[in-house]
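Data block below; observations after.
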Amino acid sequence: MSRTSIRNKLILSFLVLLLLLMMVIAVINRLTDDYYTAQAISVALALAAGAVFGGYFSRSIVRRLNSLSAVAREVSRGDLSKDIPLLSQDEIRDLEEVFASMVKDLREMILDIKNVAAKMEETNRTLSSLSGKVLASSEEIDESAMAIANGSEKQTLIVQKTSLIINNCLDQMDAAGRQSAQTVLKINDALVKTGTGETKARQTLGYLDNVLSQIAENAKPVYRLSNKVEKIRMVMDVMNEVAQKTELLSLNASIEATRAGEMGKGFALVANEIRSMAENSKQSSREIRRIVDDIFQDNNAVIQALRKSEEDVEKGRGIIGGMVETFKEMVSGVKEISSEVKTVERVTLKQVKEIRGLLSHFEALSRLAQQNFVSTQKTTVGTRNQKEGMQKIVALMQSLNTLSERMMASQRRFRLRGD
Amino acid sequence: MDIFIFEAAGYYIGIEAKYIYRVADNVSIVPVPLMPVCYEGLIYYRGDLFDVIHMGRFMEKEGSMLHDDPYIILLKWNAEKMGLIPDRIVGIKWVEDSGGTGAVFNKRGDTVKLMTPDGIWKKLAELSHGS
């Protein structure tokens with residue numbers, strides 16, 4: 001069925017209506033003689049026909065427009081499942097077709113939007129999960145970087161402290177080296193002095209031998225004197241005994257003289273005199289004995305002192321002999337100590353050299369630790385920035401998610417076929 | 001009166017010279033058990049036995065440690081015999097008889113305690129026996 005425009009339809013309908021009116025007026029004019037009546041009837045018929053035609057035509061257009069309007073209302077409510085009825089063959093048909101095309105496009109677009117929203121949601125979910133993992137990883141990286149930074153800082157401090165300790169150690173080892181050198185010098189001095197001491201001790205030993213022989217020589221007259229004093233004591237004992245016997249004899253003579261009475265008076269006097277002499281002799285001999293005893297005691301004391309001196313000199317000789325031996329041992333010991341101290345000095349110098357190398361390595365290690373510290377600090381800053389970026393991404397993802405949800409919600413307003 | 005004077009325990013003791021038989025020395029004394037402390041023992045001298053008394057202990061004092069003269073004074077009277085050990089013998093002196101009490105015998109005014117052998121013997125018999 002070919003298309004006819006509304007204007008053509010209107011013209012054609014008007015012409016048909018006009019033809020019909022003319023035919024009706026012609027009929028009426030034949031039937032009626034009254035002109036005015038005929039005119040009135042004709043006008044009335046024309047108005048009625050015009051009203052009927054106008055109503056029919058307008059109703060036809062309004063009905064299709066209403067139909068289109070109802071579909072448009074459904075579409076506006078989101079119901080895209082309804083088809084647009086293509087009833088007309090005129091300009092409204094174009095409108096219907098355009099509207100149908102629009103609804104079809106809308107339906108496709110909504111489907112696309114739905115698919116895109118679904119994909120977006122899925123992608124968003126995946127991205128959210130990934131961003132969460134990335135965020136967690138960034139936090140872990142941040143923590144690890146912080147731990148590494150702290151470790152690096154501590155390492156730097158430890159390395160610096162170790163460097164300081166090694167430096168101090170080096171100073172002390174230097175001092176020990178210098179001390180060893182001084183000790184070697186002092187040991188050499190001690191060696192010389194010990195040698196001198198040994199020589200002096202030997203000389204002293206010789207002097208002591210001389211003193212011992214001198215003491216032995218000097219002791220001989222004292223021993224002779226002791227023997228003589230002993231002989232004097234023996235003589236004195238004899239004298240004392242004689243005096244005692246004389247006294248006893250005189251006592252007994254006195255007793256006999258007393259017994260003789262007057263005849264014995266003279267004898268008694270003599271006996272008394274003898275007793276008196278014996279008493280004096282005894283007193284003198286006692287006195288001499290005491291003096292001799294004193295001499296004997298003094299002599300004994302001198303002998304004891306000489307013996308003591310001899311013993312002391314002998315002990316001194318033994319001690320100095322021991323000293324000579326000790327000096328010998330000291331010389332050999334000091335030589336050993338000297339060689340050991342020299343070895344210690346060599347070892348110390350070698351150690352100082354090696355520790356200096358170690359110190360340079362430590363300084364390099366310290367620099368590396370510092371660089372490491374700086375790098376880890378930068379890493380920490382980077383990871384923090386990354387974390388902030390990730391947090392922003394997460395926030396954007398969330399807003400995107402919100403948008404997607406809103407889009408999905410908007411899309412859900414549209415009802416497609418099969419929904 | 002001739003008195004034989006000796007010293008014992010700080011006392012000067014005098015015995016009439018007629019009782020003195022002899023003064024001896026270096027005579028070994030044989031101890032006798034169960035006798036008083038002052039009884040030293042017995043000696044045998046020229047055929048006679050003498051009871052020996054330590055005069056220092058006899059005077060009821062510790063004997064002095066002088067013993068300058070290790071003598072024994074031997075007494076004989078009425079067939080009795082006794083030996084006395086003095087601390088020191090002074091000698092024979094002539095003193096006036098003062099009736100058996102003390103008598104001054106030197107310029108210092110020391111008095112002599114006169115004793116008789118019987119008196120010594122009697123006093124010895126009164127002493128308690130030793131162990």
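Protein sequences appear in the order of chains A and B.
Numbering-wise (the numbering used here), the first sequence opens with residue 1 and increments by one.
Numbering-wise (the numbering used here), the second sequence opens with residue 1 and increments by one.
All C-beta atoms in this analysis are idealised placements derived from N, C-alpha and C, irrespective of residue type, glycine included.
_Going by beta-carbon coordinates alone, are B/Ala24 and B/Tyr44 separated by less than 7 Å?_
no
_Spatially closest choice to A/Asp171 from A/Leu349, A/Glu325, A/Glu198, by CA coordinates_ = A/Leu349
*Grab the span of the alpha helix (DSSP H) containing A/Gly321 for me, first residue to last.*
265 to 413
*Confirm, please, whether the CB-CB distance from A/Ala145 to A/Thr380 is below 7 Å.*
yes
*Should B/Val112 be labelled buried (16 or more other beta-carbon atoms within 10 Å of its own) or exposed?*
buried
*By a C-beta neighbour count over all protein chains shown, 10 Å radius and 16 as the cutoff for buried, is A/Thr199 buried or exposed?*
exposed
*asked:* Just to confirm the assignment, what range does the alpha helix (DSSP H) spanning B/Ala8 have?
replied: Segment 2 to 8 is the beta strand (DSSP E) holding B/Ala8; no alpha helix (DSSP H) there.
*Consider the Cβ of B/Ile3: report whether some Cβ of chain A lies at a distance smaller than 7 Å.*
no
*asked:* Below 8 Å on the Cβ atoms is my contact criterion, and I expect A/Val334 with A/Thr194 to pass it. Report the Cβ-Cβ distance as a whole number of Å.
replied: 6 Å
*Please confirm if A/Leu212 has its CB atom under 7 Å from at least one CB of chain B.*
no
*How close, in whole Å, do the beta carbons of B/Ile3 and B/Leu114 come, if the pair is a contact with beta carbons under 8 Å?*
7 Å
*Which residues of chain A have a Cβ atom closer than 8 Å to the Cβ of B/Gly135, listed in chain order?*
This structure leaves residue 135 of chain B out entirely; chain B is present only between 1 and 131.
*asked:* Does the structure place the segment 298 to 311 of chain A close enough to the segment 220 to 237 of chain A that three or more beta carbon pairs sit under 8 Å?
replied: yes
*Can you pull the chain A residues whose beta carbon is under 8 Å from the beta carbon of B/Arg22, in chain order?*
Asn252, Ile255
*Closest to A/Val242 by CA distance: which of A/Leu111, A/Glu230, A/Ser284, A/Ile41 is it?*
A/Ser284
*Nearest-angstrom Cα distance between A/Leu293 and A/Leu306?*
For the record, residue 293 of chain A in the displayed sequence is Asp; it is not Leu. Spanning the two alpha carbons is a distance of roughly 19 Å.
*Would you kindly check if the distance between the Cβ of A/Ser180 and the Cβ of A/Val344 is under 7 Å?*
yes
*For B/Gly56 versus B/Ala9, is the C-beta distance shorter than 7 Å?*
yes
*Bounding residues of the alpha helix (DSSP H) (the contiguous stretch that carries A/Ala70)*: 35 to 76
*asked:* By alpha-carbon positions, which one of A/Ile274, A/Met236, A/Lys119 ends up nearest to A/Glu287?
replied: A/Met236
_Which same chain residues end up closer than 6 Å to B/Asp51 when comparing Cβ atoms and leaving out the 5 residues on each side of it in sequence?_
Met82
*At a cut of 8 Å, does the segment 117 to 127 of chain A reach the segment 398 to 412 of chain A through at least three beta carbon pairs?*
yes
*Indicate whether at least one CB of chain A lies closer than 7 Å to the CB of B/Ala17.*
yes
*Determine, using beta carbons only, whether A/Leu212 and A/Val313 come nearer to each other than 7 Å.*
yes
_My assumption, with CB atoms under 8 Å, is that B/Tyr12 sits in contact with B/Val95. Please give the rounded CB distance._
In fact, because the Cβ distance is near 11 Å, the residues do not count as touching under 8 Å.
*chain B within 7 Å of A/Leu249, Cβ atoms only*: no
*Does the segment 207 to 222 of chain A come close enough to the segment 238 to 256 of chain A that 3 or more CB-CB pairs lie under 8 Å?*
no
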